[in-house]
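Worksheet: the structure to be examined is printed underneath.
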Amino acid sequence: MEQLCEIERMYKTNKQTLNLLYQEGRKRIDPASRVSDHAIHKVGSMEGENVSFPRTIVLLGFSDYPWLEMPLFGVVLVSYILTLIGNSSIIFLSTVEPRVQNPMYFFLGNLSVLDVCVTCAIVPQLLVNLWGPEKTIPSWGCITQAYIFHWTGCTECALLAVMAFDHYVAICQPLWYTLIMRLWVCVQLATAAWSSGLANSILQTTLTLQLHHCSHHTLDHFFCEVPVLINLAYGDTTANELSLAIEAIRFALMSPLLVLISYTLIVKAVLKLPSADKRYKALITCSSHLVVVIMYFGPAICMYIQPPENSTQAKFMSFFYCVITPLLNPLIYTWRNKDVKRVRKRILQPQSEVKS
Numbered sequence: 417m418e419q420l421c422e423i424e425r426m427y428k429t430n431k432q433t434l435n436l437l438y439q440e441g442r443k444r445i446d447p448a449s450r451v452s453d454h455a456i457h458k459v460g461s462m463e464g465e466n467v468s469f470p471r472t473i474v475l476l477g478f479s480d481y482p483w484l485e486m487p488l489f490g491v492v493l494v495s496y497i498l499t500l501i502g503n504s505s506i507i508f509l510s511t512v513e514p515r516v517q518n519p520m521y522f523f524l525g526n527l528s529v530l531d532v533c534v535t536c537a538i539v540p541q542l543l544v545n546l547w548g549p550e551k552t553i554p555s556w557g558c559i560t561q562a563y564i565f566h567w568t569g570c571t572e573c574a575l576l577a578v579m580a581f582d583h584y585v586a587i588c589q590p591l592w593y594t595l596i597m598r599l600w601v602c603v604q605l606a607t608a609a610w611s612s613g614l615a616n617s618i619l620q621t622t623l624t625l626q627l628h629h630c631s632h633h634t635l636d637h638f639f640c641e642v643p644v645l646i647n648l649a650y651g652d653t654t655a656n657e658l659s660l661a662i663e664a665i666r667f668a669l670m671s672p673l674l675v676l677i678s679y680t681l682i683v684k685a686v687l688k689l690p691s692a693d694k695r696y697k698a699l700i701t702c703s704s705h706l707v708v709v710i711m712y713f714g715p716a717i718c719m720y721i722q723p724p725e726n727s728t729q730a731k732f733m734s735f736f737y738c739v740i741t742p743l744l745n746p747l748i749y750t751w752r753n754k755d756v757k758r759v760r761k762r763i764l765q766p767q768s769e770v771k772s
């Protein structure tokens, strides 16, 4: 079967060609074996059945660097804990604290929910694989990872574009801000972002699960990501690759383009402000979001628009936006935010505020 997989990887053509190659390969591997018509028909009809998705998958992860696994385990564990604490605190503050209940913190709360979801889907399995020799994941875990990661990834692309639009309205149309960015509009924009991400996740992951895989079922990655699952499959993957390319253009290119347009208009408006203090305040307001956009879209564009040939580079790019970016997002947004600092101080030190 391994030889057949290699043959079918080399010749990704039509169904008839693949079936002929399969039958010819069977005869070469075992000349004495007789293939019945029913068996040949079953092989030819595998195109419509998802019978070859494995029950377990081996995630090689960073096993090529065994000396790195234990230090990386410590880094990932600390990052995991801090990510949950930081993003949960933002969700809590944006939900219960009246002082930060505005559109910016509403979208920031949604971003934190996305970071918590992707972290909880990817990192626990990564910690298990880094800690011990067992590096397998069950099929349901792999499918869950693929769905959740793709959903959160596409949603975050759309949400970052929506947040850029929010900054544009706040700076370029300040008198109309409360009217344009009212609560119902914010809810609709967030719902559109989540819905578009979910629709693309269902489409891409379902198409990927319909592919057939060779018997080794080994992923040279640390989690089940759609492009890696497509590379594992044999047969014709043209439809999957085309669908993934279209989705990458929509989310990994159009969203940064919308962000770029928003910030171009923002810069033009800021340069017209008469006060240097107002210009500085406006740029500081946008700087945190701009840093997050660069951190997220940079590796994502490299991974999906022009995938690296080296699997190690792909792993570390994925590691950055799966582990590091969710950790840094709450730190970047709250580092110099006076409202969040004031609220956090009042919650953590209620006694001292009462005395003062």
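In this note's numbering, the protein residues as written are 417 to 772.
From the three backbone atoms N, C-alpha and C, an ideal C-beta is built for every residue, glycine too.
Note that the structure is a prediction, hence the values are computed from the model and not measured.
Worksheet item: Based on Cα-Cα distance, which residue from PHE522, LEU546, CYS533 and THR560 lies nearest to VAL578?
Response: Nearest C-alpha to VAL578 among PHE522, LEU546, CYS533 and THR560: PHE522.
Discussion item. Using 8 Å as the threshold, is the C-beta distance between LEU531 and ASN503 below it?
Written reply: Rather than Leu, the amino acid found at residue 531 in this sequence is Asp. Yes, these two residues count as a Cβ contact at 8 Å.
Item to complete: Go to ILE596, then tell me how far its alpha helix (DSSP H) extends in each direction, as first and last residue.
Response: From DSSP, the alpha helix (DSSP H) with ILE596 extends over 593–596.
Fill in: Complete runs of the beta strand (DSSP E) confined to the segment 516–569 [at least 3 residues]
Note on the segment 516–569: whole beta strand (DSSP E) runs with a minimum of 3 residues are 552–554, in chain order.
Discussion item. I want to check one thing, is the minimum distance from the CB of THR607 to the heavy atoms of the ligand MG below 7 Å?
Written reply: This structure lacks the ligand MG; in fact it carries no ligand of any kind.
Item to complete: Rounded to whole angstroms, what's the CA-CA distance from LEU475 to CYS738? Just pull it up for me.
Response: Straight-line measurement puts the Cα of CYS738 at about 16 Å from the Cα of LEU475.
Discussion item. Please report the distance separating the alpha-carbon of ARG786 from that of LEU599.
Written reply: Past the edges of the chain, shown from 417 to 772, lies residue 786, and the structure says nothing about it.
Item to complete: Using three-state DSSP, classify THR653 as helix, strand or coil.
Response: In the three-state DSSP reduction, THR653 falls in the coil class, being neither helix nor strand.
Fill in: Where TYR696 falls, given that 16 or more other Cβ within 10 Å makes a residue buried
Under this definition TYR696 is an exposed residue.
Item to complete: Less than 8 Å between the CB atoms is what I'm expecting for PHE639 and ILE538, so what's the real figure, rounded?
Response: With a Cβ gap of about 5 Å, PHE639 and ILE538 count as contacting.
Worksheet item: If you check the beta carbons only, do ASN616 and HIS566 fall under 8 Å apart?
Response: Using a Cβ distance threshold of 8 Å, ASN616 and HIS566 count as a contacting pair.
Fill in: Residues near ASP582 by beta carbon distance below 7 Å, same chain, minus five either side
These residues qualify, in order along the chain: PRO519, MET520, PHE523 and MET597.
Fill in: Per-residue burial, LEU542 [other beta carbons within 10 Å of its own, 16 or more giving buried]
Result: buried.
Worksheet item: Mapping DSSP to helix, strand and coil, what is HIS583?
Response: In this structure, HIS583 counts as helix in the three-state DSSP scheme.
Fill in: Contacting residues, own chain, Cβ-Cβ under 6 Å from HIS454 (five flanking each side not counted)
In this prediction, HIS454 scores a pLDDT of 38, lower than 50, which makes its location untrustworthy; the coordinate-derived value is nonetheless stated afterwards. For HIS454, where only same-chain residues beyond five positions count, there are no Cβ hits under 6 Å.
Worksheet item: Using DSSP with H/G/I as helix, E/B as strand and the rest coil, what is HIS705?
Response: Look at HIS705 here: in three-state DSSP terms it is helix.
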